Amino acid sequence: MPLSPEQQAEIDAQRATATPTLRAVAPGIEQHLYIPRPVLDHGFVRVVDYMGDDAAICQAARVSYGKGTKSVQNDEGLIRYLMRHWHSTPFEMCEIKLHVKLPVFVARQWIRHRTANVNEYSARYSILDREFYIPAPEHINSQSKVNNQGRGELLSPEDSARVLDMLKADSTRAYDNYETMIAEDGIGLARELARMNLPANIYTQWYWKVDLHNLFHFLRLRADAHAQYEIRVYADAICEMVADWVPFAYKAFEDYRLGAVTLSAQMVEAMRRMLKGEEVTAENCGMSAREWREFQGVVDGAS
Ligand SMILES: Cc1cc2nc3c(=O)[nH]c(=O)nc-3n(C[C@H](O)[C@H](O)[C@H](O)COP(=O)(O)OP(=O)(O)OC[C@H]3O[C@@H](n4cnc5c(N)ncnc54)[C@H](O)[C@@H]3O)c2cc1C
0 MPLSPEQQAE
10 IDAQRATATP
20 TLRAVAPGIE
30 QHLYIPRPVL
40 DHGFVRVVDY
50 MGDDAAICQA
60 ARVSYGKGTK
70 SVQNDEGLIR
80 YLMRHWHSTP
90 FEMCEIKLHV
100 KLPVFVARQW
110 IRHRTANVNE
120 YSARYSILDR
130 EFYIPAPEHI
140 NSQSKVNNQG
150 RGELLSPEDS
160 ARVLDMLKAD
170 STRAYDNYET
180 MIAEDGIGLA
190 RELARMNLPA
200 NIYTQWYWKV
210 DLHNLFHFLR
220 LRADAHAQYE
230 IRVYADAICE
240 MVADWVPFAY
250 KAFEDYRLGA
260 VTLSAQMVEA
270 MRRMLKGEEV
280 TAENCGMSAR
290 EWREFQGVVD
300 GAS
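The C-terminal residue of the sequence shown carries number 302 in numbering that gives the first Met the number 0, and the numbering is unbroken.
Structure follows, in structure tokens:
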């Protein structure tokens, strides 16, 4: 249960109150406002606030006085042109503020994206909840044999059950000791010290505010098939929200970033030779073995 009844009541009260405004409103994201969207076993993402819409991107690009929209097709065409040509600053005119609840090991990957504003729940000041990410059996894999930074085959049901037992037992014991150490009528250890005993699968929370350009950069890396599953599911959830918020910009992002690939000069040359009917091989392509494999992935549609 990600939210207490009190927290749910606060959200309901916020959603029940509408304020007239002269500002642009994006109906697609209004439907998401304040509502937590569950991710993993105890996590969520919810939109706390936003600024701008597709039209705001075009207004900035045209430096217009009013709406500046000539037609919907013009707006979509302009946004696609901007995305295609890496004219990125108009996308920075849109911002979104998210409340995210996530395991600490996911937060460590997420926080590497420096171009956002973050405020995290303080485990010096507050007591962390007894909530740990325990993966579903279908996400418990062995170490990949081909990719040092990834997963391979599913573990056997017996090994998977052993892993789950260990994760649950360790999390429980660590939290029991945390509680014992901070008990005010007992040891009374400072919270800032007691937390060091907690494992990286415990949940933390933060407010995360980012502009659309840098959000797309985050999503490009973290909604990618190579990203770790546990952060990818957050990125996927955010992708769906962004698609509702700025549909033209999101479609352009899907077409020119998410679904696009970058080809090196050698890859372009190899592609041209192949189109002319030449036989291009690992030996005559001028690429390293790894780059050649990546290129084949692009050509075969496996990447
Ligand atoms: C699949 C994958 C594997 C990874 N593996 C590792 C790993 O093994 N070890 C590890 O440490 N990290 C790893 N990372 C993290 C990665 O190196 C980046 O730190 C992370 O993706 C954030 O990207 P970013 O710096 O482009 O984003 P942001 O911090 O949002 O920055 C966006 C852009 O702003 C510019 N910028 C921001 N701050 C600065 C600055 N201080 N100086 C110069 N330019 C700046 C850069 O152009 C940057 O691309 C991995 C990431 C991915 C997606």
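Even for Gly, the Cβ is constructed at its ideal location relative to N, Cα and C. Keep in mind it's a predicted model, so treat the numbers as computed, not measured.
In whole angstroms, what separates the C-alpha of residue i from that of residue j?
| i | j | result |
| --- | --- | --- |
| T171 | I201 | 11 Å |
| V44 | W205 | 10 Å |
| M195 | P136 | 28 Å |
| I28 | V209 | 15 Å |
| P89 | F217 | 17 Å |
| Y174 | M240 | 34 Å |
| V103 | L197 | 10 Å |
| A122 | R83 | 43 Å |
| E130 | A199 | 11 Å |
| N73 | R79 | 10 Å |
| A25 | I110 | 28 Å |
| R272 | C284 | 10 Å |
| R14 | P156 | 44 Å |
| H225 | N147 | 12 Å |
| V46 | P35 | 8 Å |
| M286 | G300 | 19 Å |
| R219 | A242 | 14 Å |
| E5 | D128 | 16 Å |
| A8 | E75 | 39 Å |
| L77 | H112 | 28 Å |
| E282 | R292 | 12 Å |
| K167 | T114 | 35 Å |
| A17 | E152 | 50 Å |
Answer yes or no: do residue i and residue j have a C-beta to C-beta separation smaller than 8 Å?
| i | j | result |
| --- | --- | --- |
| L211 | E91 | yes |
| V260 | V297 | yes |
| A269 | F294 | yes |
| E229 | L97 | no |
| I95 | L214 | yes |
| I139 | L154 | yes |
| Q108 | Q227 | yes |
| M180 | A193 | yes |
Taking 6 Å as the limit between beta carbons, can you name the residues of its chain near residue i, skipping five residues before and five after?
| i | result |
| --- | --- |
| G51 | M92, C93 |
| K100 | G42, F43, Y202, Q204 |
| R150 | N140, S143 |
| Y255 | M82, R83 |
| V117 | W205, W207 |
Excluding five sequence neighbours on each side, which residues of the same chain lie with their C-beta closer than 8 Å to the C-beta of residue i?
| i | result |
| --- | --- |
| E290 | S263, Q265, M266 |
| D169 | P198 |
| L81 | I56, A60, S87, P89, F90, A251 |
| V162 | I139, L154 |
Applying the criterion that 16 or more other CB atoms from any shown protein chain within 10 Å of the CB defines a buried residue, is residue i buried or exposed?
| i | result |
| --- | --- |
| G65 | exposed |
| M165 | exposed |
| I237 | buried |
| W306 | Given a span of 0 to 302 for the chain in the structure shown, any question on residue 306 remains unanswerable. |
| V145 | exposed |
| H31 | buried |
| A189 | exposed |
| A288 | exposed |
| A182 | exposed |
Alpha carbons only, please: which of the options is nearest the one belonging to residue i?
| i | options | result |
| --- | --- | --- |
| D53 | E9, R150, W244, I230 | W244 |
| F252 | A222, A281, E229, E183 | A222 |
| E119 | P37, H112, A106 | A106 |
| S125 | E157, E178, G151, A160 | E178 |
| A12 | K167, I186, M286, Y33 | Y33 |
| A23 | G276, Y49, I10 | Y49 |
For ligand 3, any of its heavy atoms closer than 7 Å to the Cβ of residue i?
| i | result |
| --- | --- |
| Q148 | This structure lacks ligand 3; the ligands present are ligand 1. |
Excluding five sequence neighbours on each side, which residues of the same chain lie with their C-beta closer than 7 Å to the C-beta of residue i?
| i | result |
| --- | --- |
| V279 | A269, R272, M273 |
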